[in-house]
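In what follows, a structure is listed as structure tokens, so that the remarks can point back to it.
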Amino acid sequence: MTTKHETLCPSAQPDWEGAKVFAVVGGTPDRPETAYLDLAQPVTDELLELAAPVMPSEVFRFAAPCAKQGCHHFDDHRDACRLVEKTVHYAPIVVHKLAPCSIRSSCRWWQQEGAASCQRCPQVITLNFTPTSALRKAGDPTVTA
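Taking my numbering, the leading residue of the sequence shown gets 20, the next gets one more, and so forth.
Take a look at the structure:
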């Protein structure tokens with residue numbers, strides 16, 4: 020269970036300790052759209068089964084405590100997430116009005132990049148088989164912003 024003081028990664032995997040679902044991905048492969056839940060839900064086997072026949076990370080967005088040094092996107096020297104930096108740098112703005120988000124107050128992306136991260140968040144899919152070139156660059160740990 021996470022405490023309200025933990026910083027959450029909004030690009031977590033469902034098997035990370037403390038993971039919860041905070042959004043559902045809809046739209047199309049070319050134009051994904053994220054619908055944010057009013058209240059993040061704990062990950063359960065029953066919830067994960069709702070994604071069948073695809074992988075849960077294709078249709079749900081998960082948040083979990085930031086892994087910091089355990090993540091290849093984390094820059095320990097600056098205590099910063101390079102994934103959100105690159106997402107803000109490379110990915111286009113897809114919303115101007117921020118949707119309510121149940122994890123925003125604890126979200127590393129929000130804490131680090133503010134509204135700029137939220138303006139791009141709806142196009143992020145953790146397991147994306149057809150990412151745009153911008154999202155491919157953002158997700159590649161070898162690319163710098």
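In this text, a Cβ means the ideal position worked out from N, Cα and C, and glycines have one as well.
Here the structure is a predicted model, which means the values were calculated and not measured.
Self-check item: CB contact flag (residue 42, residue 56, <8 Å)
Solution: For the purposes of this step, residue 42 is identified with residue 23 of the sequence shown, where counting begins at 1. For the purposes of this step, residue 56 is identified with residue 37 of the sequence shown, where counting begins at 1. Yes; because the gap between Cβ atoms is below 8 Å, this pair is in contact.
Quiz item: In its own chain, which residues sit with a C-beta less than 6 Å from the C-beta of residue 77, not counting the 5 before and 5 after it?
Solution: To locate residue 77, count along the sequence shown from 1; it is residue 58. Taken in chain order, the residues that qualify are 146.
Self-check item: residue 16 vs residue 119 beta-carbon contact at 8 Å
Solution: Residue coverage of the chain in this structure runs from 20 to 164, which leaves residue 16 outside it and unanswerable.
Practice problem: Compute the Euclidean distance between the alpha carbons of residue 135 and residue 112, then round it to the nearest angstrom. | Solution: If you number the sequence shown from 1, residue 135 lands on position 116. If you number the sequence shown from 1, residue 112 lands on position 93. Going by the C-alpha atoms only, they are around 8 Å apart.
Self-check item: residue 60 - containing beta strand (DSSP E), residue span
Solution: As a working mapping, residue 60 is identified with position 41 in the sequence shown. Going by DSSP, residue 60 is part of the beta strand (DSSP E) stretching over 51-61.
Quiz item: So, using beta-carbon positions, are residue 79 and residue 44 closer together than 8 Å?
Solution: As a working note, residue 79 is residue 60 in the sequence shown. As a working note, residue 44 is residue 25 in the sequence shown. For residue 79 and residue 44, yes; Cβs fall inside 8 Å.
Quiz item: Where do the ends of the alpha helix (DSSP H) carrying residue 158 lie?
Solution: Counted from its first residue, the sequence shown places residue 158 at position 139. Run containing residue 158: 152-158, per the alpha helix (DSSP H) assignment.
Practice problem: For residue 136, name the three-state secondary structure that DSSP assigns. | Solution: To locate residue 136, count along the sequence shown from 1; it is residue 117. Of the three classes helix, strand and coil, the one that applies to residue 136 here is helix, per DSSP.
Practice problem: Give the secondary structure of residue 39 by DSSP, where H, G and I count as helix, E and B as strand, and everything else as coil. | Solution: As a first step, residue 39 is located in the sequence shown; it is residue number 20 there, counting from the start. In this structure, residue 39 counts as strand in the three-state DSSP scheme.
Quiz item: Are there 16 or more other CB atoms within 10 angstroms of the CB of residue 22, so buried, or fewer, so exposed?
Solution: Locating residue 22 in the sequence shown gives position 3, counting from the first residue. Per-residue confidence for residue 22 stands at a pLDDT of 48, beneath the threshold of 50, marking its modelled position as unreliable; no derived number is given.
Exercise. Determine, using beta carbons only, whether residue 144 and residue 59 come nearer to each other than 8 Å.
Key: Within the sequence shown, the letter at position 125 stands for residue 144. Within the sequence shown, the letter at position 40 stands for residue 59. No, the Cβ-Cβ distance between residue 144 and residue 59 is not below 8 Å.
Self-check item: Residues near residue 26 by beta carbon distance below 8 Å, same chain, minus five either side
Solution: Within the sequence shown, the letter at position 7 stands for residue 26. Cβ neighbours of residue 26 beyond the five flanking positions: 84, 85, 125, 126, 127 and 130.
Exercise. Please name the residue in 163, 37, 33 and 28 whose C-alpha comes closest to that of residue 105.
Key: The residue given as residue 105 occupies position 86 in the sequence shown. Nearest option by C-alpha distance: 163.
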